[in-house]
Amino acid sequence: MVGKMSILVTGGAGYLGSHTVLTLLQAGHSVVVLDNFSNSSAVVLSRIAQLAGRAPTFVRGDVRDGACLRNLFLKYPIQAVMHFAGLKSVAESARQPLNYYLNNVSGTLQLCQAMAEFGIYRLVFSSSATVYGDSNEMPLSEDSPTGVPTNPYGRSKLMVEELLQDLADAEGRWGIAVLRYFNPVGAHKSGFIGDDPNGTPNNLLPYISQVAVGRLKALQLFGNDYPTPDGTGVRDYIHVLDLAAGHLCALEAVGRRSGLSTWNLGTGRGYSVLEVISAFERACGRKVDFVIVPRREGDVAQCWADPGKAFRELGWRAERGLDEMMADAWRWQLTNPDGYKESGV
Ligand code: NAD
Ligand code: UDP
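Right, here's the structure in full:
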């Protein structure tokens, strides 16, 4: 167990960052959130404060802004950084590649440069299972080859993984955790914080939730002709609070070991789109209408983790099952039908 630390969380107002900030505060750490609110709102910070009984420090700013980072490191005694800030839409990345490379790649370079200047060498980075590409070999372990990403978002994650490896090779003081997330879903039990995508959701769970709550008409199910048991895509869905707990374990690990380590954060179990729809219907007690449409370009048939390395090396494993993920996602959607937007708190 490491002692209480002062941690910078970039992108801490976002979906995954907000749940991790809460987990860090509850574990007794001090947290500074840096966010530019490009995909989030200030409401989430007061919700976190209500749940944790104390607020994280907040700095509104951009990871691409070196002066902002230096001011932050001058002002706060940061010991480690969790770097969530970035853009995450595959489709948007194909339309705006420059924006994706600037935010995801240049943003990380600026951050690492400022960290090194201030002697901060512990970093936990949000990567993605998308770096594995299309593979027939399941489950995916950290040794599985990385694929050839089919879009700028995937390429930006792989580029950052590679540049972080170069950093760790060049300077032995870095302790870097690259966490490859599978499919984070669900929300905090309170229904106070959750996933609040801008516009029409790209991801399955927020889409299903918005159909169930009556905001969207029917789910478009992208393909039932995949070589999977029921023909629909299979993914490894992981509860966002299990993911957040994984970050705490990774933070401790980068305090004890130097170099770069890569860990999958997944459950090790895959579910098809049809199985997810059924589980969600059980959780919400309503029918989720869907229509089968052609495959979405770039989607892989199946993707699930071998989470064994994280268990062996971090003592972490996902605890929550699919029904709990669905129930928690539904509670968040039902109590916040329009996300954070309509909320006064
Ligand atoms: P999110 O959009 O909810 O959160 C990202 C946060 O970063 C937002 O609050 C946004 O305002 C902020 N941000 C974006 N660019 C910024 C910048 N230049 N400077 C400062 N703040 C900035 O996304 P999320 O789902 O919480 O994802 C967090 C990270 O995890 C991302 O790097 C994403 O690529 C990665 N990831 C997410 C998933 C997923 O399914 N959600 C899966 C794999 C990897
Ligand atoms: N999916 C779908 N309809 C949607 C969104 C997703 O059928 O509106 C399917 C998608 O083809 C994939 C699974 O749901 O098989 C998970 O998709 P998501 O975008 O959430 O995650 P990713 O594809 O990035 O793993």
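Throughout the sequence shown, residue numbering follows this note's numbering, covering 19 to 363 in sequence.
From the three backbone atoms N, C-alpha and C, an ideal C-beta is built for every residue, glycine too.
Please read all numbers here as calculations on a predicted model, not as lab measurements.
For the 7 Å CB-CB criterion, G333 and S276 do not form a contact. With a cut-off of 8 Å on Cβ pairs, the stretch 155 to 175 is not in contact with the stretch 213 to 231, counting fewer than three such pairs. Judged by beta-carbon spacing, L352 lies beyond the 7 Å limit of F308, meaning their Cβ atoms are not closer than that value. DSSP places F102 outside any alpha helix (DSSP H), giving it a letter other than H or E. Here L239 is buried. Its C-beta has 16 or more other C-beta atoms within 10 Å.
Shortest gap from the CB of Q351 to any heavy atom of ligand 2: 6 Å or more. When C-alpha distances from I310 are compared across G288, N354, G241 and R304, the shortest belongs to G241. One thing to note: A297 has its Cβ no nearer than 7 Å to the Cβ of W348.
Counting only the Cα atoms, I66 lies some 14 Å from G46. Take T41, set aside five residues on each side of it, and the residues of its chain with a beta-carbon closer than 8 Å to its own are L259, A262, A263, H265 and L266, in chain order. Here G193 carries a strand assignment [DSSP, helix/strand/coil]. G125 is a Cβ neighbour of V81, given a cutoff of 7 Å. Within the stretch 119 to 161, the runs of alpha helix (DSSP H) at least 4 residues long that lie entirely inside it are, in chain order, 125 to 135. Per DSSP, reduced to three states, the secondary structure at D187 is helical. Taken through DSSP and simplified to helix, strand or coil, F91 comes out as helix. Of all alpha-carbon atoms in R113, Q128 and V178, the one lying nearest the alpha-carbon of S144 is that of V178.
For R191, the CB contacts under 7 Å within the same chain, skipping 5 residues up- and downstream, are Y139 and S276 in chain order. Between D152 and V318, the gap from beta carbon to beta carbon is short of 7 Å.
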